[in-house]
Structures are given as C-alpha cells and as structure tokens.
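Single-structure report; data block below.
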C-alpha cells in the first residue's frame with residue numbers, strides 16, 4: 002500500500018511540472034531567445050502563461066512607410082503648400098506659355114502674392130481639414146489675383162468669382178447691404194464645397210476645375226459627345242472654349258512657379274506659416290470707420306479683411322463677426338469695452354412705406370437728397386419702390402441693432418419717375434404727322450412709327466393720332482391730359498401770335514383739342 006501512495010504522489014508532481022512555464026527551447030541556427038513556435042513572443046519579450054480572463058499580448062511592430070508625414074515644421078506657408086500637392090501634373094505647351102506669361106510680369110506676380118498673405122493661410126487650413134489638394138489654394142490667383150473686390154464682366158464676384166445664382170445655391174447672401182460672395186470665410190467654404198462636389202461628380206481634378214470655370218453641365222455634355230464619337234473623355238480630349246482650355250494650364254503654371262521659384266528666377270515673398278487674422282463677435286451695429294479705429298488699423302486694411310460690406314455700417318444681425326489682424330483682435334475688444342455704445346453706429350436701415358421719390362424720402366428721414374442718393378446708389382429720375390430698404394441716419398430712439406428680417410432681406414427696387422403714357426389726340430385742319438409731332442415736341446419719325454404712317458403724311462381734321470407723352474409717375478391720366486392740353490394751347494397761341502404780329506392784328510382765340518387718355522393701350 003505504501004508503494005501505491007508513493008507512485009500516486011510521483012505522478013501528480015510530474016503532471017504539475019508539465020503545466021508550469023519553463024525556459025524556451027531553441028534549435029541550432031536560431032538566435033538565442035528566439036522561439037521556434039509561431040505563437041511565442043518575439044525576442045526580448047518575456048511572457049507568462051495567460052490566466053483565465055487575461056488579455057492576449059499586443060504585438061508591437063515598427064512601421065517604415067513613405068506615406069507618413071514628416072515631423073519637421075514647414076519653414077513657411079509656401080513650403081506647407083508644396084507638401085500638400087496631390088494633383089497629377091499637366092505638361093503641355095499651354096502650361097509653358099502661361100509660365101512665361103507670369104515670369105515676364107514680375108510686378109504682377111509680386112502684387113498677387115503680396116495680396117494673398119491676408120487670406121492664404123486660412124485657405125490652406127481649410128483644404129487640409131478636408132483632405133483636399135493644396136494646389137487649390139492657388140486657384141484664387143487664377144480667378145481674381147486674390148482680390149476679393151474683383152468683379153468680372155459676367156458679374157462674378159469675390160476672390161473665388163461666384164456668379165450670383167451659384168452664390169445663392171451655396172448660401173452666399175447677397176443683399177443691398179452685403180455680398181457674401183466677397184466674404185473671406187463664406188466664399189472659401191462655398192468654393193471648396195463646390196470643388197469637392199465637382200470632383201465627386203467627375204472623379205478627376207482637371208475635369209472638376211474645367212467645370213468650375215465652364216459649368217458642370219457644359220463639361221458633362223462635352224464628355225457625352227466624345228463618348229458618342231468614340232473619343233477620349235479626359236481633360237485634354239475635350240473640346241472647350243479658349244478660356245477653359247487655358248484655365249488649368251494657368252493653375253499648373255502657378256503651381257510650378259511655387260514649387261520651384263528658383264528655376265524661374267522668381268523670389269516669393271515670405272508668408273509665415275501662422276494665421277493672419279482672427280474672428281471677433283459683434284452684437285451691435287457699428288460703423289466701418291469706427292471698427293477700424295477701435296482695432297487701431299488702417300481703414301483700407303479693415304475693408305480688405307471684411308470685403309463683403311457694401312455700406313459704411315456693419316449690421317450685427319447680418320454680420321455677427323468681423324475679421325481683424327491677429328494681434329489687433331485683443332486691441333479691438335479692449336477698446337470696444339470702453340467705447341460709448343450709443344456712438345458705435347451713425348446709420349440704420351429704413352424701409353420705404355410706398356413708392357417715393359428720393360427728395361421725399363430724404364425729407365422724411367432728415368437727410369440731404371444728394372447724400373441719400375449717393376449712399377444708396379439711387380439713380381436720377383427714379384422712384385424708390387415700396388418695401389425697398391435704404392441706409393439712413395440713425396436717430397436716438399433707434400435700436401442698437403437693426404432687425405434681422407430687415408437686414409437679411411434688404412433690397413432696393415426702382416420705378417421710373419417719369420413714364421410714357423398713351424394718348425389719342427385729334428388732328429386739326431391742315432395738320433400733318435410732322436406738324437402734329439412738332440406741336441408735342443416729338444420726333445416726326447417716332448409719331449409716324451406709332452401710327453404706321455409716314456412723317457410727311459397729311460391728316461384729316463378730327464383724325465385720331467396716337468402719341469406717347471411723358472408724365473410723372475403716379476399722376477392721373479386726367480391731370481396729364483390737362484397738362485398737355487395747356488402745353489398745346491400755349492404752343493398754338495404762341496404760333497398764332499407770331500403770325501398775327503406779321504399781319505398787324507391781334508391773334509384770334511382758337512379751340513385746342515385736348516388729348517384724351519385711354520385707360521388701356523399697348524405701346525407700339
């Protein structure tokens with residue numbers, strides 16, 4: 002029995018020894034400490050057997066990938082832009098042609114790049130946040146030479162050159178008081194949204210850029226035509242207007258100059274890799290000149306950072322923040338805190354209650370007519386239509402911020418102060434088209450055209466003749482008829498007086514046919 006217990010004890014010790022961890026075995030030719038089993042830890046890592054509930058070990062590997070971004074900080078903003086280039090290069094004669102264009106105009110290139118220093122950092126930041134190629138930061142050089150006040154002959158505006166309709170599609174507000182197509186933040190957001198949409202549509206940056214210039218519909222139709230003809234559908238394969246054909250080569254030329262300025266004998270101005278401006282919230286309306294004064298910057302610099310403002314006042318309801326040079330933002334806040342809030346704005350918004358002349362509007366708001374016309378751009382001989390929003394002097398009882406619904410929907414419409422109305426007059430004995438036209442101070446050919454006749458055509462007494470006569474807008478037809486009847490009577494009396502004077506007797510009184518106005522009638 003004792004022998005049996007000894008055997009059982011030995012067996013239990015042997016089983017426990019098999020379960021316990023031991024040193025890792027090696028094979029000849031294997032470095033010391035390297036396991037031959039695939040599930041053993043790598044060299045230099047000691048690992049105990051996992052217990053129930055323990056997490057398995059996490060293997061650590063060293064990565065060697067060329068895609069990893071270098072940790073060195075870019076020396077300047079141009080260096081940062083170069084690192085983000087991601088578009089395929091275009092190498093054509095047009096690219097070389099545009100390179101020579103810019104290189105032979107160093108003053109123009111210098112002005113463009115100097116002007117960009119206010120905005121370029123923000124554009125690059127936005128592109129990197131979206132993961133878009135930084136070549137797109139150079140696109141405003143092509144569109145507007147980085148001038149946010151640029152307006153094309155087709156009415157595209159801002160440094161990204163948005164057309165009015167496209168701007169509205171991308172939530173760029175355009176009112177009588179501001180145009181967000183010129184706004185630095187808003188237009189950049191809209192432009193990158195649009196470019197990303199075009200890239201998603203065509204899957205090619207060169208086609209996306211062509212569509213930005215030519216229109217997505219035009220590019221789509223050009224692709225469809227080439228597909229139907231069995232031709233290629235790349236950017237270089239499409240038939241397009243000259244402006245679009247030069248568009249991408251222009252961008253490529255600027256990209257090449259930025260990438261290798263020394264190769265083109267060009268020196269780019271230093272633009273630091275840090276923000277140029279900061280945003281500052283405003284809660285009260287404030288004059289543009291006062292804002293620049295509080296920020297302690299030049300008026301032209303303030304306008305360059307806030308180019309969307311069309312008037313000499315910023316309405317907080319429509320523009321709740323302004324851009325200021327980075328170091329001046331704190332200065333503005335400090336000065337604003339101690340400034341009299343009642344003196345921040347000298348202008349406010351006023352809505353015309355009815356069709357009104359500039360003279361009457363100026364009288365109502367206590368303003369000089371010439372100044373009212375100038376600040377609101379009211380043309381001569383035009384009425385301001387009801388519902389139009391004008392800029393007028395602020396009174397003491399005006400709110401510190403104009404109503405949001407007024408500011409964000411501000412528009413101005415006009416109606417002619419003097420209009421032409423249709424009258425039917427009766428010819429006198431011996432009248433002709435020419436003689437009747439002279440009576441009303443009208444060109445004979447014009448009266449003949451209205452009546453489908455000839456300038457020298459004779460008229461019968463009492464014959465109806467159509468004329469269009471100028472009347473002040475809003476005047477009744479009866480009053481207009483009376484006015485022209487008096488004018489005609491005066492003219493006739495003066496003619497008779499002259500004739501009688503020649504014959505040596507007083508003029509006889511003659512009846513004058515008053516023009517009769519019809520309620521309706523088409524202008525011929």
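In our numbering, the protein residues as written are 2 to 525.
Note that beta-carbon positions come from the ideal geometry of N, C-alpha and C, so glycine has one too.
From a predicted model like this one, the values you see are computed outputs, not experimental measurements.
Which residues bound the alpha helix (DSSP H) around residue i?
i           : result
residue 333 : 330–338
residue 167 : 165–170
residue 113 : 107–117
residue 306 : 300–306
residue 78  : 78–84
residue 95  : 94–104
residue 121 : 121–131
residue 271 : No alpha helix (DSSP H) contains residue 271, which DSSP labels as neither H nor E.
residue 252 : 243–260
When the distance is taken between beta carbons, is residue j closer than 8 Å to residue i?
i           : j           : result
residue 144 : residue 164 : no
residue 393 : residue 351 : yes
residue 152 : residue 78  : no
residue 533 : residue 463 : Since the displayed the chain opens at 2 and closes at 525, residue 533 lies outside it and no answer follows.
residue 1   : residue 236 : Look at the range of the chain in this structure, 2 to 525, and you will see that residue 1 is not part of it.
residue 443 : residue 419 : no
residue 185 : residue 149 : yes
Hey, could you find the ends of the beta strand (DSSP E) residue i is sitting in?
i           : result
residue 416 : 415–417
residue 394 : 390–394
residue 232 : Taken as a continuous stretch (DSSP letters only), residue 232 belongs to no beta strand (DSSP E), as it is neither H nor E.
residue 295 : No beta strand (DSSP E) holds residue 295; the alpha helix (DSSP H) holding it covers 289–296.
residue 384 : 383–385
Quick one, which of the options has its alpha-carbon nearest residue i's?
i           : options            : result
residue 376 : 136, 240, 177      : 177
residue 108 : 189, 385, 345, 146 : 146
residue 89  : 440, 336, 448, 253 : 253
residue 382 : 404, 460, 471      : 471
residue 84  : 117, 138, 186, 94  : 138
residue 313 : 260, 332, 372      : 372
residue 337 : 149, 257, 270, 293 : 293
residue 308 : 339, 187, 370      : 187
residue 435 : 445, 427, 424, 319 : 445
residue 389 : 246, 416, 399, 400 : 416
residue 405 : 321, 227, 418, 105 : 321
residue 399 : 285, 331, 305      : 285
residue 455 : 278, 433, 379      : 433
residue 266 : 95, 94, 101        : 101
residue 439 : 422, 457, 141, 423 : 457
residue 99  : 184, 258, 340, 274 : 258
Under three-state DSSP, which class holds residue i?
i           : result
residue 354 : coil
residue 265 : helix
residue 427 : strand
residue 283 : coil
residue 349 : strand
residue 179 : strand
residue 469 : strand
residue 155 : coil
residue 375 : helix
residue 188 : helix
residue 205 : coil
residue 322 : strand
residue 422 : strand
residue 147 : coil
residue 278 : strand
residue 460 : coil
residue 140 : helix
Note down, in chain order, each residue of its chain lying with its Cβ closer than 7 Å to the Cβ of residue i, except the 5 sequence neighbours on either side.
i           : result
residue 209 : 196, 199, 200, 203
residue 395 : 346, 347, 348, 349
residue 240 : 223
residue 323 : 281, 283, 292, 307, 315
residue 354 : 387
Please confirm if residue i has its CB atom under 8 Å from at least one CB of chain D.
i           : result
residue 456 : Within the model displayed, chain D is absent; a lone protein chain is all it includes.
Counting only the same chain and skipping the five closest in sequence on each side, list residues whose C-beta sits under 8 Å from that of residue i.
i           : result
residue 300 : 289, 290, 293
residue 23  : Because residue 23 sits at a pLDDT of 43, beneath the cut-off of 50, its placement in the model cannot be relied upon, and the point is left open.
Which residues in the same chain have their Cβ closer than 6 Å to the Cβ of residue i, if we skip the five residues on either side of it in sequence?
i           : result
residue 287 : 315, 345, 346
residue 245 : 211, 214, 215
residue 295 : 333, 336, 337
Is it the case that the CB of residue i approaches a heavy atom of the ligand PLP more closely than 7 Å?
i           : result
residue 446 : In the structure on display, the ligand PLP does not appear, and there are no ligands present to speak of.
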